[in-house]
Ligand SMILES: Cc1cc2nc3c(=O)[nH]c(=O)nc-3n(C[C@H](O)[C@H](O)[C@H](O)COP(=O)(O)OP(=O)(O)OC[C@H]3O[C@@H](n4cnc5c(N)ncnc54)[C@H](O)[C@@H]3O)c2cc1C
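In our numbering, the protein residues as written are 7 to 307.
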């Protein structure tokens with residue numbers, strides 16, 4: 007990225023952007039460096055300023071949700087990072103449609119949907135991301151995925167001069183396993199989910215069961231959930247375990263002893279160590295088993 011693009015963006019965003027903002031603390035890894043520029047988007051004026059700055063300067067953009075699928079390099083991100091603020095966390099229901107802001111937390115969406123007598127989003131209680139991140143990643147679990155219930159998402163292309171969102175039907179978002187057509191400069195402002203009427207007690211029991219399962223089967227600490235996608239018909243965790251890599255460590259990062267598809271960072275650790283473990287595991291698995299694992303986590307910088 008050219009320094010003039012960054013400086014032009016900084017000049018245009020003088021009122022709203024901060025410089026050299028740590029992004030690591032915004033991620034569940036809690037490691038990694040700074041964004042050269044950072045804007046919390048909390049309304050139309052911020053959105054308009056960001057669209058103008060990005061379209062005029064061409065500065066690269068990183069949209070940060072809850073940071074639960076991001077690994078930002080220790081050197082940081084040399085462009086503009088944006089994150090939705092409180093103004094984009096609202097959740098409403100009308101009949102069987104649930105609308106949530108792009109910054110709303112998936113577990114909150116799950117619990118609110120059940121409390122409203124709806125069913126179909128209980129699985130989201132186990133995903134510590136935002137609604138925008140769930141759409142971008144087509145997040146899923148426990149036999150369901152975002153694609154199953156998403157009706158449409160309101161999306162702004164920050165690289166276009168217009169802050170007006172476009173309502174994009176789910177069918178046009180190319181949603182498949184941990185993939186969507188949401189690109190680096192696209193910002194999901196809100197999403198609508200088509201749910202069914204459900205029994206709140208059954209929903210609450212399902213949520214409790216999912217939370218219990220997660221506690222029993224997944225490690226806590228600093229990680230970004232599954233590092234690699236599951237190859238068709240298999241599980242990346244099983245493959246990594248079978249390759250003898252549970253507990254494999256480089257510096258401050260380690261393959262979890264509890265779940266081999268989780269790579270943990272030490273408190274105060276290094277994002278570059280995490281990346282080295284990811285790359286080494288991928289290479290060793292390929293050499294030992296012939297299976298080419300694909301990285302699910304978004305590597306930034
Ligand atoms: C303990 C743990 C368990 C997990 N379990 C699961 C699981 O069961 N299933 C699963 O699918 N994932 C799981 N994840 C991964 C992660 O929670 C999901 O990928 C989630 O959807 C990411 O959302 P986020 O808001 O944190 O996005 P981020 O990590 O912040 O970003 C991920 C990607 O989405 C983009 N993005 C984020 N917000 C927006 C937005 N508003 N508009 C446009 N793009 C956006 C980012 O630019 C980036 O490309 C887990 C993670 C952890 C830490």
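Note that CB positions come from ideal geometry on N, CA and C, so glycine has one too.
Model, not experiment: these values are computed from the prediction.
- Sorting 158, 234 and 42 by C-alpha distance to the C-alpha of residue 266 places 234 at the top.
- Taken atom to atom, the span from the alpha-carbon of residue 229 to that of residue 132 is near 14 Å.
- Counting along the chain, the unbroken alpha helix (DSSP H) around residue 63 starts and ends at 50 to 63.
- If you draw a straight line from the Cα of residue 79 to the Cα of residue 277, it comes to about 5 Å.
- Annotated three-state conformation of residue 278 is helix, per DSSP.
- The continuous alpha helix (DSSP H) containing residue 12 extends over residues 9 to 18.
- Rounded to the nearest angstrom, the gap between the Cα atoms of residue 225 and residue 68 is 27 Å.
- According to the DSSP secondary-structure assignment, residue 221 is paired through a beta bridge with no residue.
- Inter-segment contact for the segment 112 to 121 and the segment 52 to 66 is absent: fewer than three beta-carbon pairs are separated by less than 8 Å.
- Going by C-alpha positions, residue 190 is about 30 Å away from residue 245.
- Within its own chain, the residues whose Cβ lies closer than 8 Å to the Cβ of residue 88, once the five positions on either side in sequence are excluded, are 44, 45, 46, 47, 56, 67, 68, 69, 70, 164 and 193, listed in chain order.
- The residue among 108, 175 and 59 with its C-alpha nearest the C-alpha of residue 167 is 59.
- The count of Cβ pairs closer than 8 Å, one atom from the segment 99 to 114 and one from the segment 196 to 204, reaches three, so the stretches are in contact.
- Of the heavy atoms belonging to ligand 1, none sits nearer than 8 Å to the Cβ of residue 239.
- Distance from the CA atom of residue 184 to the CA atom of residue 141, rounded to whole angstroms, is 9 Å.
- For residue 218, the number of other beta carbons within 10 angstroms of its own is below 16, and it is reported as exposed.
- Residue 15 places its beta carbon 9 Å or farther from that of residue 93.
- Here DSSP, grouped into helix, strand and coil, assigns residue 285 to helix.
- In terms of CA proximity to residue 170, 160 leads the group 177, 214 and 160.
- Sorting 286, 285 and 255 by C-alpha distance to the C-alpha of residue 271 places 255 at the top.
- When the Cα atoms are used, residue 126 and residue 207 turn out to be separated by approximately 14 Å.
- Per DSSP, the beta bridge partners of residue 173 are 160.
- When distances are taken from the beta-carbon of residue 271 to the heavy atoms of ligand 1, even the shortest one reaches 8 Å or more.
- Exclusion of residue 95 from the 8 Å shell around ligand 1 follows from its C-beta lying no nearer than that to any non-hydrogen atom of the ligand.
- As the crow flies, the alpha-carbon of residue 129 is around 42 Å from that of residue 8.
- The closest CA to that of residue 263, considering only 253, 291 and 257, is found on 253.
- For residue 185, the Cβ stays outside the 8 Å cut-off from all heavy atoms of ligand 1.
- Restricting attention to 297, 274, 150 and 176, the CA atom closest to the CA of residue 238 is found in 297.
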